[in-house]
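Numbering (this note's numbering), first residue to last: 125 to 433. Cβ atoms here follow ideal geometry from the backbone N, Cα and C, with glycine treated the same way.
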(Lines of atoms letter the chains of each structure in order from A and count residues from 1; the text may use other names and numbers.)
(Lines give C-alpha, C1' and ligand atoms only; values in the text may rest on other atoms or scores of the structure.)
Protein backbone atom coordinates (compact mmCIF):
# COMPACT_ATOMS: atom_id res chain seq x y z
CA UNK A 1 0.00 0.00 0.00
CA UNK A 2 1.65 3.20 -1.17
CA UNK A 3 1.33 6.49 0.65
CA UNK A 4 2.55 10.06 0.62
CA UNK A 5 1.96 13.06 2.79
CA UNK A 6 -1.21 14.97 1.98
CA UNK A 7 0.90 18.12 2.29
CA UNK A 8 2.91 17.35 -0.89
CA UNK A 9 2.65 20.37 -3.22
CA UNK A 10 4.45 22.16 -6.03
CA UNK A 11 6.88 24.27 -3.93
CA UNK A 12 7.17 27.18 -6.38
CA UNK A 13 3.41 27.55 -6.77
CA UNK A 14 2.97 27.25 -3.00
CA UNK A 15 5.58 29.98 -2.46
CA UNK A 16 3.83 32.42 -4.80
CA UNK A 17 0.43 31.75 -3.21
CA UNK A 18 1.86 32.23 0.29
CA UNK A 19 3.49 35.51 -0.75
CA UNK A 20 0.22 36.77 -2.21
CA UNK A 21 -1.70 35.74 0.90
CA UNK A 22 0.40 38.13 2.96
CA UNK A 23 -0.92 41.23 1.20
CA UNK A 24 -4.66 40.58 1.18
CA UNK A 25 -5.29 42.49 4.39
CA UNK A 26 -8.78 42.77 5.81
CA UNK A 27 -11.01 42.45 2.79
CA UNK A 28 -14.80 41.98 2.68
CA UNK A 29 -14.51 38.33 1.70
CA UNK A 30 -15.96 35.13 3.03
CA UNK A 31 -13.00 33.19 1.63
CA UNK A 32 -9.85 34.55 0.02
CA UNK A 33 -6.72 32.99 -1.46
CA UNK A 34 -6.30 29.22 -1.33
CA UNK A 35 -9.47 27.72 -2.80
CA UNK A 36 -10.81 27.30 -6.34
CA UNK A 37 -12.41 30.75 -6.14
CA UNK A 38 -12.85 33.62 -3.72
CA UNK A 39 -16.20 33.98 -1.98
CA UNK A 40 -17.36 37.58 -1.68
CA UNK A 41 -20.36 39.15 -0.01
CA UNK A 42 -23.77 37.97 -1.13
CA UNK A 43 -22.57 34.61 -2.38
CA UNK A 44 -20.48 36.04 -5.20
CA UNK A 45 -17.62 33.80 -6.35
CA UNK A 46 -14.70 35.02 -8.45
CA UNK A 47 -11.82 33.14 -10.05
CA UNK A 48 -8.97 34.01 -12.41
CA UNK A 49 -6.87 31.76 -14.64
CA UNK A 50 -4.04 32.54 -17.04
CA UNK A 51 -2.97 30.52 -20.08
CA UNK A 52 0.44 31.14 -21.64
CA UNK A 53 1.41 29.96 -25.11
CA UNK A 54 4.26 27.48 -24.82
CA UNK A 55 3.30 26.60 -21.25
CA UNK A 56 -0.39 25.69 -21.40
CA UNK A 57 -0.75 25.07 -25.14
CA UNK A 58 1.20 24.78 -28.37
CA UNK A 59 0.44 24.19 -32.05
CA UNK A 60 -1.41 20.98 -31.28
CA UNK A 61 -4.37 23.12 -30.20
CA UNK A 62 -6.21 25.17 -32.79
CA UNK A 63 -6.94 28.80 -31.84
CA UNK A 64 -10.65 28.00 -31.40
CA UNK A 65 -9.75 25.21 -28.99
CA UNK A 66 -7.63 27.65 -26.98
CA UNK A 67 -10.62 30.00 -26.74
CA UNK A 68 -12.92 27.21 -25.59
CA UNK A 69 -10.41 25.87 -23.11
CA UNK A 70 -9.77 29.27 -21.52
CA UNK A 71 -13.47 29.50 -20.70
CA UNK A 72 -13.76 25.87 -19.58
CA UNK A 73 -10.85 25.90 -17.13
CA UNK A 74 -12.23 29.04 -15.48
CA UNK A 75 -15.83 27.93 -15.12
CA UNK A 76 -14.53 24.62 -13.74
CA UNK A 77 -13.26 26.55 -10.70
CA UNK A 78 -16.64 28.23 -10.24
CA UNK A 79 -18.40 24.87 -10.45
CA UNK A 80 -16.05 23.43 -7.84
CA UNK A 81 -17.32 26.05 -5.39
CA UNK A 82 -20.90 25.03 -6.10
CA UNK A 83 -21.44 28.19 -8.13
CA UNK A 84 -22.93 29.10 -11.47
CA UNK A 85 -20.91 31.44 -13.77
CA UNK A 86 -22.48 34.79 -14.65
CA UNK A 87 -19.89 37.08 -16.28
CA UNK A 88 -16.30 37.23 -17.47
CA UNK A 89 -13.57 39.74 -18.32
CA UNK A 90 -10.69 38.91 -20.64
CA UNK A 91 -7.15 40.32 -20.81
CA UNK A 92 -5.02 39.47 -23.85
CA UNK A 93 -1.31 40.15 -24.40
CA UNK A 94 -0.64 39.46 -28.09
CA UNK A 95 2.59 39.59 -30.13
CA UNK A 96 3.14 42.05 -32.96
CA UNK A 97 2.34 42.00 -35.82
CA UNK A 98 -1.15 40.93 -34.84
CA UNK A 99 -2.30 37.64 -36.35
CA UNK A 100 -5.91 38.59 -37.08
CA UNK A 101 -6.79 35.11 -38.30
CA UNK A 102 -5.65 33.64 -34.98
CA UNK A 103 -7.69 36.20 -33.03
CA UNK A 104 -10.82 35.56 -35.10
CA UNK A 105 -10.57 31.80 -34.69
CA UNK A 106 -9.84 32.18 -30.96
CA UNK A 107 -13.02 34.16 -30.43
CA UNK A 108 -15.09 31.67 -32.41
CA UNK A 109 -14.13 29.00 -29.88
CA UNK A 110 -14.45 31.42 -26.98
CA UNK A 111 -17.97 32.38 -28.07
CA UNK A 112 -19.01 28.74 -28.47
CA UNK A 113 -17.88 27.99 -24.91
CA UNK A 114 -19.54 31.15 -23.61
CA UNK A 115 -22.84 29.98 -25.08
CA UNK A 116 -22.35 26.45 -23.75
CA UNK A 117 -21.68 27.60 -20.18
CA UNK A 118 -23.88 30.72 -20.13
CA UNK A 119 -20.97 33.10 -19.64
CA UNK A 120 -21.23 36.57 -21.24
CA UNK A 121 -18.01 38.53 -21.78
CA UNK A 122 -18.52 41.98 -20.22
CA UNK A 123 -15.13 43.64 -20.65
CA UNK A 124 -11.37 43.29 -20.54
CA UNK A 125 -8.08 44.65 -21.84
CA UNK A 126 -5.58 44.12 -24.67
CA UNK A 127 -1.89 44.92 -24.92
CA UNK A 128 1.20 43.96 -26.91
CA UNK A 129 3.36 41.04 -25.78
CA UNK A 130 7.09 40.94 -26.62
CA UNK A 131 6.90 37.17 -26.29
CA UNK A 132 4.16 34.54 -26.43
CA UNK A 133 0.41 35.07 -26.23
CA UNK A 134 -0.84 35.46 -22.65
CA UNK A 135 -4.57 35.12 -21.94
CA UNK A 136 -6.18 35.87 -18.57
CA UNK A 137 -9.85 35.32 -17.86
CA UNK A 138 -11.65 36.41 -14.70
CA UNK A 139 -15.02 34.79 -14.08
CA UNK A 140 -17.65 35.86 -11.60
CA UNK A 141 -20.59 33.79 -10.51
CA UNK A 142 -22.97 33.11 -7.67
CA UNK A 143 -23.11 30.28 -5.15
CA UNK A 144 -26.10 30.13 -2.86
CA UNK A 145 -24.42 27.46 -0.74
CA UNK A 146 -20.67 27.60 -1.49
CA UNK A 147 -18.64 24.43 -0.99
CA UNK A 148 -15.05 24.92 0.12
CA UNK A 149 -12.04 22.62 0.19
CA UNK A 150 -11.83 22.45 3.96
CA UNK A 151 -14.99 20.53 4.86
CA UNK A 152 -14.01 16.88 4.31
CA UNK A 153 -14.30 14.63 7.37
CA UNK A 154 -12.67 11.33 8.23
CA UNK A 155 -15.11 8.63 7.14
CA UNK A 156 -16.50 10.61 4.20
CA UNK A 157 -16.47 8.98 0.78
CA UNK A 158 -14.16 10.25 -1.98
CA UNK A 159 -16.11 10.80 -5.22
CA UNK A 160 -15.07 11.86 -8.71
CA UNK A 161 -17.16 12.76 -11.74
CA UNK A 162 -16.65 11.58 -15.31
CA UNK A 163 -13.46 9.88 -16.45
CA UNK A 164 -9.85 10.45 -15.44
CA UNK A 165 -6.92 10.47 -17.83
CA UNK A 166 -8.52 11.56 -21.09
CA UNK A 167 -6.13 14.47 -21.55
CA UNK A 168 -3.17 12.19 -20.79
CA UNK A 169 -4.33 9.76 -23.46
CA UNK A 170 -4.80 12.55 -26.00
CA UNK A 171 -1.41 14.05 -25.23
CA UNK A 172 0.68 10.89 -24.99
CA UNK A 173 -0.92 8.20 -27.12
CA UNK A 174 -0.03 7.66 -30.78
CA UNK A 175 -3.66 6.70 -31.45
CA UNK A 176 -5.90 8.41 -28.89
CA UNK A 177 -9.62 7.76 -28.97
CA UNK A 178 -11.85 10.42 -30.54
CA UNK A 179 -13.54 11.02 -27.17
CA UNK A 180 -10.19 11.61 -25.45
CA UNK A 181 -9.09 14.05 -28.15
CA UNK A 182 -12.42 15.87 -27.99
CA UNK A 183 -12.14 16.29 -24.22
CA UNK A 184 -8.52 17.42 -24.41
CA UNK A 185 -9.38 20.07 -26.98
CA UNK A 186 -12.76 21.17 -25.60
CA UNK A 187 -13.42 19.90 -22.07
CA UNK A 188 -16.89 20.24 -20.57
CA UNK A 189 -16.61 20.46 -16.79
CA UNK A 190 -19.78 19.47 -14.88
CA UNK A 191 -20.70 22.98 -13.74
CA UNK A 192 -24.43 22.46 -13.23
CA UNK A 193 -23.88 19.25 -11.31
CA UNK A 194 -21.42 20.96 -8.96
CA UNK A 195 -23.98 23.67 -8.24
CA UNK A 196 -26.71 21.07 -7.74
CA UNK A 197 -24.52 19.12 -5.29
CA UNK A 198 -23.98 22.28 -3.28
CA UNK A 199 -27.61 23.34 -3.33
CA UNK A 200 -28.68 19.87 -2.17
CA UNK A 201 -26.15 19.96 0.67
CA UNK A 202 -24.59 16.68 -0.46
CA UNK A 203 -20.92 17.70 -0.68
CA UNK A 204 -18.88 18.56 2.42
CA UNK A 205 -15.86 19.67 0.35
CA UNK A 206 -15.09 19.91 -3.35
CA UNK A 207 -12.25 20.71 -5.76
CA UNK A 208 -11.85 20.63 -9.51
CA UNK A 209 -9.35 18.09 -10.85
CA UNK A 210 -7.13 20.24 -13.05
CA UNK A 211 -3.62 19.26 -11.91
CA UNK A 212 -4.28 15.54 -11.48
CA UNK A 213 -6.24 13.68 -8.81
CA UNK A 214 -3.10 12.98 -6.77
CA UNK A 215 -2.25 16.66 -6.38
CA UNK A 216 -5.80 18.03 -6.15
CA UNK A 217 -7.03 15.42 -3.68
CA UNK A 218 -3.93 16.24 -1.65
CA UNK A 219 -4.91 19.90 -1.65
CA UNK A 220 -8.40 19.08 -0.45
CA UNK A 221 -7.01 16.82 2.28
CA UNK A 222 -4.53 19.44 3.42
CA UNK A 223 -7.23 22.11 3.65
CA UNK A 224 -9.50 19.75 5.59
CA UNK A 225 -6.83 18.31 7.88
CA UNK A 226 -7.53 14.73 6.79
CA UNK A 227 -6.01 12.04 4.57
CA UNK A 228 -7.51 9.73 1.99
CA UNK A 229 -7.31 6.13 0.85
CA UNK A 230 -8.00 5.50 -2.85
CA UNK A 231 -8.61 2.18 -4.60
CA UNK A 232 -7.04 2.41 -8.09
CA UNK A 233 -9.33 -0.36 -9.33
CA UNK A 234 -12.26 2.04 -8.89
CA UNK A 235 -10.80 4.96 -10.85
CA UNK A 236 -13.12 5.68 -13.81
CA UNK A 237 -11.82 5.46 -17.35
CA UNK A 238 -9.64 2.33 -17.20
CA UNK A 239 -6.43 4.16 -18.10
CA UNK A 240 -2.90 3.56 -16.74
CA UNK A 241 -2.54 4.78 -13.18
CA UNK A 242 -0.09 7.65 -13.89
CA UNK A 243 -2.45 8.96 -16.59
CA UNK A 244 -5.49 8.64 -14.34
CA UNK A 245 -4.16 10.45 -11.29
CA UNK A 246 -1.00 12.39 -12.18
CA UNK A 247 -1.34 14.06 -15.60
CA UNK A 248 -4.13 16.56 -14.97
CA UNK A 249 -6.41 18.58 -17.25
CA UNK A 250 -9.35 16.35 -16.34
CA UNK A 251 -11.60 19.26 -15.30
CA UNK A 252 -13.79 16.92 -13.33
CA UNK A 253 -14.93 17.28 -9.72
CA UNK A 254 -13.58 15.49 -6.66
CA UNK A 255 -15.78 15.83 -3.61
CA UNK A 256 -16.39 14.52 -0.11
CA UNK A 257 -19.76 13.23 1.05
CA UNK A 258 -21.14 11.16 3.87
CA UNK A 259 -21.54 7.43 3.05
CA UNK A 260 -25.27 7.75 3.61
CA UNK A 261 -25.59 10.15 0.67
CA UNK A 262 -24.61 7.62 -2.00
CA UNK A 263 -28.12 7.02 -3.33
CA UNK A 264 -28.97 10.73 -3.45
CA UNK A 265 -25.68 11.54 -5.22
CA UNK A 266 -26.22 8.87 -7.86
CA UNK A 267 -29.79 10.02 -8.43
CA UNK A 268 -28.72 13.66 -8.81
CA UNK A 269 -25.92 12.66 -11.18
CA UNK A 270 -28.36 10.71 -13.32
CA UNK A 271 -30.64 13.75 -13.55
CA UNK A 272 -27.71 15.80 -14.87
CA UNK A 273 -26.37 13.13 -17.21
CA UNK A 274 -23.18 12.84 -15.16
CA UNK A 275 -21.26 9.69 -14.25
CA UNK A 276 -20.04 9.62 -10.64
CA UNK A 277 -17.75 7.08 -8.98
CA UNK A 278 -16.85 6.47 -5.36
CA UNK A 279 -13.09 5.82 -5.39
CA UNK A 280 -12.15 5.74 -1.72
CA UNK A 281 -12.60 7.27 1.70
CA UNK A 282 -11.16 10.08 3.77
CA UNK A 283 -9.11 9.11 6.80
CA UNK A 284 -7.91 10.74 10.00
CA UNK A 285 -4.24 10.12 9.12
CA UNK A 286 -2.91 13.06 7.05
CA UNK A 287 -1.56 11.06 4.12
CA UNK A 288 -2.74 9.80 0.75
CA UNK A 289 -2.80 6.02 0.47
CA UNK A 290 -3.10 4.10 -2.78
CA UNK A 291 -4.31 0.57 -2.14
CA UNK A 292 -2.00 -2.14 -3.49
CA UNK A 293 0.79 0.21 -4.61
CA UNK A 294 4.16 1.15 -3.17
CA UNK A 295 3.80 4.83 -3.97
CA UNK A 296 1.91 7.50 -5.86
CA UNK A 297 3.03 8.53 -9.34
CA UNK A 298 4.56 12.01 -9.20
CA UNK A 299 2.58 14.90 -10.71
CA UNK A 300 3.38 15.26 -14.41
CA UNK A 301 2.91 19.02 -14.73
CA UNK A 302 4.53 21.93 -12.91
CA UNK A 303 3.61 25.45 -14.05
CA UNK A 304 7.17 26.65 -13.47
CA UNK A 305 9.27 23.85 -14.99
CA UNK A 306 7.16 21.65 -17.28
CA UNK A 307 7.45 21.47 -21.05
CA UNK A 308 4.42 22.83 -22.94
CA UNK A 309 1.35 20.69 -23.43
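- For residue 322, the closest C-alpha among the options 347, 247, 275, 354 is that of 275.
- Residue burial is scored here from C-beta neighbours: residue 407 has at least 16 other C-beta atoms within 10 angstroms and is therefore classed as buried.
- With fewer than 16 neighbouring CB atoms inside 10 Å of its own CB, residue 416 falls in the exposed class.
- Looking from the CA of residue 375, the closest CA among 196, 171, 163, 173 belongs to 196.
- Here residue 311 is buried: its Cβ has 16 or more other Cβ atoms, across all protein chains shown, within 10 Å.
- Taking C-alpha positions only, residue 216 is separated from residue 319 by approximately 29 Å.
- Rounded to whole angstroms, the Cβ separation of residue 282 and residue 402 is 7 Å, and the two are in contact under 8 Å.
- The criterion of a C-beta distance shorter than 8 Å is not satisfied by residue 269 and residue 367.
- The Cβ-Cβ distance between residue 309 and residue 185 falls below 8 Å.
- Residue state for residue 406 is assigned as strand, using DSSP reduced to three classes.
- Per DSSP, residue 298 lies in no alpha helix (DSSP H) segment and is marked neither H nor E.
- In this structure residue 246 is exposed. Its beta-carbon is surrounded by fewer than 16 other beta-carbon atoms within 10 angstroms.
- Of all C-beta pairs linking the segment 340-348 to the segment 292-307, fewer than three are shorter than 8 Å, placing the two stretches out of contact.
- For residue 251, the number of other beta carbons within 10 angstroms of its own is below 16, and it is reported as exposed.
- Taking the Cα positions, residue 211 is about 16 Å away from residue 231.
- The beta carbons of residue 213 and residue 242 sit no closer together than 8 Å.
- Residue burial is scored here from C-beta neighbours: residue 381 has at least 16 other C-beta atoms within 10 angstroms and is therefore classed as buried.
- For the 8 Å CB-CB criterion, residue 261 and residue 173 form a contact.
- Within the segment 315-384, the beta strand (DSSP E) runs of at least 3 residues that lie entirely inside it are, in chain order, 329-333, 351-354, 376-381.
- Residue state for residue 305 is assigned as helix, using DSSP reduced to three classes.
- With contacts defined as CB atoms closer than 8 Å, residue 179 and residue 205 fail to qualify as a contacting pair.
- Residue state for residue 245 is assigned as strand, using DSSP reduced to three classes.
- Under DSSP, residue 258 shares a beta bridge with 176, 217.
- Rounded to whole angstroms, the Cβ separation of residue 334 and residue 372 is 6 Å, and the two are in contact under 8 Å.
- Excluding its 5 nearest sequence neighbours in each direction, residue 222 has no C-beta neighbour in its own chain below 7 Å.
- The three-state secondary structure of residue 392, taken from DSSP, is helix.
- In the assembly as shown, residue 339 is a buried residue. Its beta-carbon has 16 or more other beta-carbons within 10 Å.
- Secondary-structure assignment with DSSP links residue 280 through no beta bridge to anything.
- For residue 194, the uninterrupted alpha helix (DSSP H) run begins and ends at 187-204, by DSSP.
- Distance from the CA atom of residue 358 to the CA atom of residue 315, rounded to whole angstroms, is 23 Å.
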